[in-house]
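Contents: one structure, followed by commentary.
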Amino acid sequence: MSGWRLWWWAVALALGLFGGSGSAAAGAIGVREQNARSQGAAFAGVAAGSGGLGSIVWNPASIALFPGLQSESDISLARTRARLSPDWHTLMAADLAGGSPWSSGEMGQGRYVAATYGSYQINEALWIGAALNTPYGFSSKPRQDWAGQSYARSSRLTSAAFTPTVGYRVNDWLTLGAGVTAQYLDLTFKQAVNGAPGAPSAILQGDDLGVGFSLGATVQPRPGTMVGIGFRSAVHHEISGQWAGTPGIPVPITAGITLPETLSLGISQMLNPRWTILATGEWTNWSRMERSAVISRATGLPVSSLAFGYRDGTFLSLGAEYLWHEGVTMRAGVGFETSPVTNEARSPRLIDSDKLWASIGASYQATDKLGLDIGYSRQFMRQAPVRITGAYEDFNGSTFIADGKSSVDVISFAWRYRWDAAARPVFVDRYTPATY
1425 MSGWRLWWWA VALALGLFGG SGSAAAGAIG VREQNARSQG AAFAGVAAGS GGLGSIVWNP
1485 ASIALFPGLQ SESDISLART RARLSPDWHT LMAADLAGGS PWSSGEMGQG RYVAATYGSY
1545 QINEALWIGA ALNTPYGFSS KPRQDWAGQS YARSSRLTSA AFTPTVGYRV NDWLTLGAGV
1605 TAQYLDLTFK QAVNGAPGAP SAILQGDDLG VGFSLGATVQ PRPGTMVGIG FRSAVHHEIS
1665 GQWAGTPGIP VPITAGITLP ETLSLGISQM LNPRWTILAT GEWTNWSRME RSAVISRATG
1725 LPVSSLAFGY RDGTFLSLGA EYLWHEGVTM RAGVGFETSP VTNEARSPRL IDSDKLWASI
1785 GASYQATDKL GLDIGYSRQF MRQAPVRITG AYEDFNGSTF IADGKSSVDV ISFAWRYRWD
1845 AAARPVFVDR YTPATY
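Sequential numbering from 1425 applies to the sequence shown in our numbering.
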């Protein structure tokens, strides 16, 4: 099979995997699992290229760190453990009202997230490529009958983004990059029409295709030092679908959702031929996601709403890589993420809070052309209280007080391949010999 056919087979495989369950492992509905290598270092230095070819998600200019014709395919498998435990007042009130006096049970969902990347060096200054990945998503599924069912039953949001990318090497120390993103978003949210056991579900369904862009630069002030900065724009989606507030009677609807822009800074510093230290700082403008009205297309009046109420989020991480011996690199990292979900706005659909990342990983260069990566992360989350009272934006008359606990385990795998002869010069030697 020719190299190009293998590459397109990898693209088709990744497209097929997007049908799986993408679930939030970054702040709010963000999905950070884009790349096995960066997973192993808690995403430290990823905007400076430490995540391999998948770094173009954070910084399109990093494409110029990879000479010749290369591809990478990643898959992440994750297990979320999440549970909401209502207080005794909530359970007693539900019981006295003839409702469902139970906790959520296990809400977490196992899921997988796939991504694939490609790059081609046209000449000494110009690179082109593309990324196909899942930037946003989450899923949760409490038991069908529980104390919070009038606010949340099953919830699913998935996305897929395709980003053609170009990188231009201005000189020996500066590279610029840009990309244009076509992003698909699909959601299905269910909630009970009342608190009674066996109550039917009201269902909101919709999807949309939006467009955004990315910009970035890498700077190499001296050999062994790389600084990268990347910007991913907001993407507006005008969700089109239906709302069945009365079961079996769907109403055509529309709802506007703007997903946030992200600014990433990455630093990579080689200490010696074996050790490299990495750092990341990231800001995401989650505060643009507030309350979104769900509008009937027939009447122009609101029939429901999507209450987000997020604040801006930040992510900081530190990591290191160690060349154990030729062809094998070990890495580890820690990170801390401030959640955009506040106690006042937290929904029973999504248990998210500030989290600590702990990660380890490794790379193996099996041949001159083939490389393999593995990364593992554990997320430790703070307690996530849910406080739905009269001050809550989507309060429906039923007070719901609960404490949430959640943790996430993620393991990621990747294979990398260089399709052309490896005779082209490596203009930026950040990854020689440690990982390429």
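For every residue, glycine included, the Cβ atom is placed at its ideal position computed from N, Cα and C.
Values in this document were obtained by computation on a predicted structure and should not be read as measured data.
- Pairing residue 1509 with residue 1536, the inter-Cα distance amounts to about 27 Å.
- Boundaries of the alpha helix (DSSP H) harbouring residue 1462: 1460-1464, taken from the DSSP string.
- Residue 1712 carries a helical assignment under DSSP once its states are collapsed to helix, strand and coil.
- Using a Cβ-Cβ distance cut-off of 8 Å, the segment 1556-1567 and the segment 1519-1538 are in contact, since at least three pairs of beta carbons, one from each stretch, lie closer than that value.
- Residue 1775 sits buried, since 16 or more C-beta atoms from the chains shown fall within 10 Å of its C-beta.
- In terms of CA proximity to residue 1765, 1709 leads the group 1686, 1489, 1469, 1709.
- The closest CA to that of residue 1659, considering only 1755, 1684, 1665, 1638, is found on 1684.
- Uninterrupted beta strand (DSSP E) stretches at least 3 residues long and entirely within the segment 1771-1857 occur at 1779-1789, 1794-1805, 1808-1812, 1824-1842, given in chain order.
- Apart from the 5 residues on each side of it in sequence, residue 1688 sits with its Cβ closer than 6 Å to the Cβ of 1471, 1482, 1654, 1706 in its chain, given in chain order.
- In the DSSP assignment, residue 1749 is bridged to 1752.
- In this structure, residue 1768 and residue 1755 do not form a Cβ contact; the two beta carbons are roughly 38 Å apart against a cut-off of 8 Å.
- The three-state reading of DSSP puts residue 1569 in coil, since its state is none of H, G, I, E or B.
- Between the segment 1660-1680 and the segment 1718-1734 there are three or more C-beta pairs closer than 8 Å, enough to call the two in contact.
- Linking residue 1626 to residue 1467 through their CA atoms gives a straight-line distance of about 39 Å.
- Residue 1531 is not a Cβ neighbour of residue 1502, given a cutoff of 8 Å.
- The three-state reading of DSSP puts residue 1610 in strand, counting E and B together.
- Excluding its 5 nearest sequence neighbours in each direction, residue 1624 has C-beta neighbours in its own chain below 8 Å: 1616, 1617, 1671, listed in chain order.
- In the DSSP secondary-structure assignment, residue 1557 is bridged to 1585.
- The alpha carbon of residue 1489 has as its nearest neighbour, out of 1723, 1533, 1496, 1477, the alpha carbon of 1477.
- Going by C-alpha positions, residue 1812 is about 49 Å away from residue 1788.
- DSSP places residue 1514 within a helical segment (H, G or I) once states are collapsed to three.
- When the beta-carbon positions are compared, residue 1612 and residue 1629 come within less than 8 Å of each other.
- Cβ atoms of residue 1583 and residue 1605 stay farther apart than 8 Å, at about 11 Å.
- Between residue 1785 and residue 1807, the gap from beta carbon to beta carbon reaches 8 Å or more.
- Residue 1639 places its beta carbon 8 Å or farther from that of residue 1698.
- Assignment of residue 1727 by DSSP, reduced to helix, strand and coil, places it in the strand class.
- Counting C-beta pairs closer than 8 Å gives fewer than three between the segment 1514-1522 and the segment 1492-1502, which falls short of the contact rule.
- Between residue 1772 and the set 1451, 1551, 1577, 1492, the nearest pair of CA atoms involves 1577.
- With 16 or more other CB atoms across the displayed protein chains lying within 10 angstroms of its CB, residue 1485 is buried.
- Bounds of the beta strand (DSSP E) holding residue 1633 are 1625-1646.
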